[in-house]
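Residue numbering for the sequence shown follows the working numbering, starting at 277 and increasing by one per position. The beta-carbon is built from N, C-alpha and C at its ideal position, and this holds for glycine as well.
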Amino acid sequence: MSAFPLQVVVQVMHNRVGQPKLVQLKTNDNTGEVDGTEACRDRTCSWGGQIGRDFMGKRSATTLADTMLLVGQSLTRNRTLVSKGGKFELGFFAPGNSQKYYVGIWFKQVASVQKKKTVVWVANRNKPISTTDLSSSEFKLLEDGQLSLFFMKPKNNYSSDQVPIWSTNSTTVKRVIHSSIKVVLHDNGNLAVLSSSNGNIIMWQSFDHPTNSFLPGAKFGYNNLTNTSYILTSWRNSEDPSDGFYSVKLEPGGTVSFIWNQSHEFYNSGVWNGHYFGNFPEMRIGVASSYEYRSYANGSYFIYSVSDADPPLHAFVDVSGQLKAAVWQSETQDWMEIWTKPMPLCQVYGICGAFSICSDNNIGPSICQCLPGFEKHNPKDLDSLDYSSGCVRKNSSWCGDKDNFHVMPNMDLSKIITSANVLVVDDAKKCKSSCLQNCSCNAYAYHTTGSNNNSIGCLLWYGSLVNVRQHVGDDGVDLFIRLAASEDHLLISRKKISTVAIVGAVSGFTILLGVSL
C-alpha cells in the first residue's frame, strides 16, 4: 500500500489463543477509510472493527505475512492481499476519476509513490461494481474452492441475496480437499488458487487469464490440448478496463499478430529468429534477463524473465493499440518506455475512428482530426486517450444531386482500399457521378497508373470511412470527401491547392536565397 496517514498498532486479546495479537490499521488509497492489515500468529485472529463479524462466523483475511486467503476468507473494499515480497497488491480499485470499481492486481511499490495505480490484471473487467454496491462487495474463496466476487442485495428487512459478479469457474478445485486450498499472490504478479494437499498444485491462476499485461514468467501463446489461448486485450480507455478494440496474440506460425476489433490484423512482429522477433529488434536491449520461444505439437508460447534485482518491468497493450514495454525508474519515480510497437501511432488500424484523418506530424489528441464537414462524436473521450469514437457529420441534411466533394490531396489509401468498391469507368467525372447516385457513398478516389493510363480505378467508399492517413512523400492519391450543398464554403479545388503549394515553395526558396546572400 501507499504511505498512510494513520499507523496505529493495537493489541487484541483472542479468547481461543489467550495471547496478544498485533493488528495494524491503515487507511485505504481509494476511500481514505481505515484498513486493517493484521500481523497475526494464526489464521483465526480478527482485526479492528471486524471482531463482531468474526464472532458471527465471518473470518476476514489473515496475514501469514499478508500473502494468502483460506477457504471462507474474503477481501472487502478496505482490505488488500499483498505478495510475500511486497511487489504486487490485490484489491478493489477505481481507475482515474471513474465511479466504477473493480478487483485487480497492481504494482505495490509503484502505487506507494504514485497516486495512479499501474494495474496489470482485472478480474471483473467487463462487469464493474457500482458505488452503491461497493460496501457489500466481497472477493471470497468459497467452500467449493472457487474464487468469487459478489455483492449483497437486500431482499427484505431481514435477509439479502448474493449477486454474483465474477468467478474463477474452475472445475479442477472440486476434486481436492477444500481445507487444503489457499489463494496466494506471488511476487511475479500471478494470483493462484493452490492445493497444498497435492504439493501446491495450481488449480487456477490469473496468468492463464491475462487482461492487457504480459508479466515476466507468464506464458503468451496457446495450448491446443487445454484449448487455452493467452491473448492480451487493451482497455477500452484509460478509465475503463473493459475489453477494448485491440488485441495481441501469438499465431501458430510463430508471429505475434496485432488485431483490431477481433477481425482485422494490422501489424505483426515478424518471425522468431532465436533471439527476437524480426520486427522487434528493440528486444535486444538488455532489460529482460532472457527470452524464450517454445513450439511443440500441441501449441506454442513465448516467455521472458527478469532477475529479482531488476527494477519492475511492464509489457502491455495500450489503449492506443500499441504493445509497449516500460521499466520503472527509481531516480525519476516514473515509468520509462523502452520500446513501442507499431510506430508511428498512425500505423494502428482505426486509431482515430470513423471519418477522421491520422497525421504522424501531430502529437497527443491533435493526431486525429475530423474530415471536412465532420465533428468529434464525443469530445470528452479525448480526456481518456480514446479517439476511437471518431467523427460524425455536422450537417444531417445531405445527399442530393447538388452535393459536392472536398479534395484531400496526397492521401495514403493502402489501409482503406480493401474497404472500397471498385468500378471500371472512363474518367473521373463518371466516378464522381457514381458516388453521387448513392446516398451511402461518402467518398471516392479516381486513380490512373501507367504511361498510357491503361490501369484505371474508381474507388467508392460506402458507410464509415476508417483509417484515413496522410501519405508520407508526394506520390499519394486524391481523396474526395462528400459534402452537402450548404457546405460549399469548405470546398478546396485541386487548382487552388497546387497554387498554394507553388507559392509556398517559391516563397521558401526566396527566403533561403536571402539568407544565403
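Report task. Have a look at MET428 and VAL389 and give me their C-alpha separation to the nearest angstrom. Result -> 34 Å
**Report entry** 7 Å CB neighbourhood of THR504 in its chain, flanking five on each side removed
**Finding:** ASP484, TYR498
Query raised in the report: Which one or two residues does DSSP pair with CYS634 in a beta bridge?
Result: CYS644, ARG745
**Report entry** Residue span of the beta strand (DSSP E) that contains VAL386, given as start and end
**Finding:** Not the beta strand (DSSP E): VAL386 falls in the alpha helix (DSSP H), residues 384-387.
Query raised in the report: To the nearest whole angstrom, what separates the beta carbons of PHE542 and PHE534, a pair I think is in contact under 8 Å?
Result: 6 Å
Report task. Could you pull out every residue in the same chain whose Cβ sits closer than 6 Å to the Cβ of HIS747, ignoring the five residues on either side in sequence? Result -> So the list reads ASN686, MET687, ASP688, once near-sequence residues are dropped.
Query raised in the report: Grouping DSSP H, G and I as helix and E and B as strand, with all else coil, what is ASP584?
Result: coil
Query raised in the report: Would CYS622 be called buried (16 or more neighbouring beta carbons within 10 Å of its own) or exposed?
Result: buried
Requested in this report: Select from ASN464, LEU736, THR724 the residue whose C-alpha is nearest the C-alpha of ASP751.
Outcome: THR724
Query raised in the report: What did DSSP end up calling GLU527 once you bin it into helix, strand or coil?
Result: coil
Query raised in the report: Going along the chain, which residues of its own chain have a beta-carbon closer than 6 Å to the beta-carbon of LYS416, five neighbours each way excluded?
Result: SER350, SER424
Query raised in the report: Which word fits ASP594, buried or exposed, when buried means at least 16 other C-beta atoms lie within 10 angstroms of its C-beta?
Result: buried
Report task. Starting from the C-beta of SER566, find all residues in its chain whose C-beta is less than 8 Å away, skip the five residues before and the five after it, and write them out in chain order. Result -> TYR580, SER581
**Report entry** Residue range of the beta strand (DSSP E) that includes ASP703
**Finding:** Counting along the chain, ASP703 sits inside no beta strand (DSSP E), nor does DSSP assign it H or E at all.
Requested in this report: Give every residue of the same chain whose Cβ lies closer than 8 Å to the Cβ of ARG770, excluding the five residues on either side of it in the sequence, and list them in chain order.
Outcome: Residue placement at ARG770 is poorly supported in this model, since its pLDDT is 41, which falls under 50; the coordinates are not used for a value here.
Report task. Out of ASN638, ASN637, CYS628, SER672, state which residue places its alpha-carbon closest to the alpha-carbon of LYS652. Result -> CYS628
Report task. Pull up the CB-CB distance for GLY372 and TRP397, whole angstroms please, since I reckon it's below 8 Å. Result -> Incorrect: roughly 17 Å between the Cβ atoms, too far for contact.
Requested in this report: Report the option in ALA602, GLY348, GLN605 whose CA atom is closest to the CA atom of GLU419.
Outcome: GLY348
Query raised in the report: Cα separation between SER545 and GLY465?
Result: Spanning the two alpha carbons is a distance of roughly 25 Å.
Query raised in the report: Taking the DSSP output, what are the residues bridged to GLY497?
Result: Answer by DSSP bridge pairing, in chain order: TYR577.
**Report entry** Supposed close pair ILE633, ARG745 - CB separation, criterion 8 Å
**Finding:** 7 Å
Requested in this report: Measuring alpha carbon to alpha carbon, tell me which of SER482, ASP463, ASP409 ends up nearest THR444.
Outcome: Ranking SER482, ASP463, ASP409 by CA distance to the CA of THR444 puts SER482 first.
Report task. Go through its chain and collect everything with a Cβ distance to SER576's Cβ below 8 Å, but skip five positions before and after it. Result -> In the same chain as SER576, and ignoring 5 residues on each side of it, the C-beta atoms closer than 8 Å to its own belong to GLY497, TYR498, LEU526, PRO528, GLY530, TYR569, ARG570, in chain order.
**Report entry** Sequence ranges, beta strand (DSSP E) only - wholly within the stretch 456-513, length at least 3
**Finding:** 457-461, 467-471, 477-481, 496-499, 508-513
Query raised in the report: What three-state label does DSSP hand GLU558 in the structure shown?
Result: When secondary structure is reduced to three states using DSSP, GLU558 falls in the helix class.
Query raised in the report: Do you know offhand how far SER665's Cα is from PHE631's?
Result: 10 Å
Report task. Kindly indicate which three-state DSSP category SER710 falls into: helix, strand or coil? Result -> helix
Query raised in the report: Helix, strand or coil for LEU689 per DSSP?
Result: coil
Requested in this report: Measure from the alpha carbon of ASN574 to the alpha carbon of each residue in PRO557, GLU613, THR502, LEU346, then state which is nearest.
Outcome: THR502
Query raised in the report: Using the C-alpha atoms, what's the distance from LEU599 back to ILE561?
Result: Whole-angstrom Cα-Cα distance: 16 Å.
Report task. Report yes if the CB atom of PHE756 is closer than 9 Å to the CB atom of LYS678, and no otherwise. Result -> no
Query raised in the report: Is ALA585 buried or exposed, if buried means 16 or more other CB atoms sit within 10 Å of its CB?
Result: exposed
Requested in this report: Quick one: residues in its chain with C-beta nearer than 6 Å to the C-beta of ILE405, no 5 flanking neighbours on either side, listed in chain order?
Outcome: TYR377, SER413
Query - Of the listed residues LYS495, ALA494, SER489, GLY493, nearest to ARG510 (C-alpha basis) - result: Going by the sequence as given, residue 510 is Ser instead of Arg. The shortest C-alpha separation from SER510 is found at SER489.
Requested in this report: Specify, as a first and last residue, the run of the beta strand (DSSP E) that ASP420 falls within.
Outcome: That residue, ASP420, is in no beta strand (DSSP E); it is neither H nor E in DSSP.
Requested in this report: Report yes if the CB atom of GLN375 is closer than 9 Å to the CB atom of THR407, and no otherwise.
Outcome: yes
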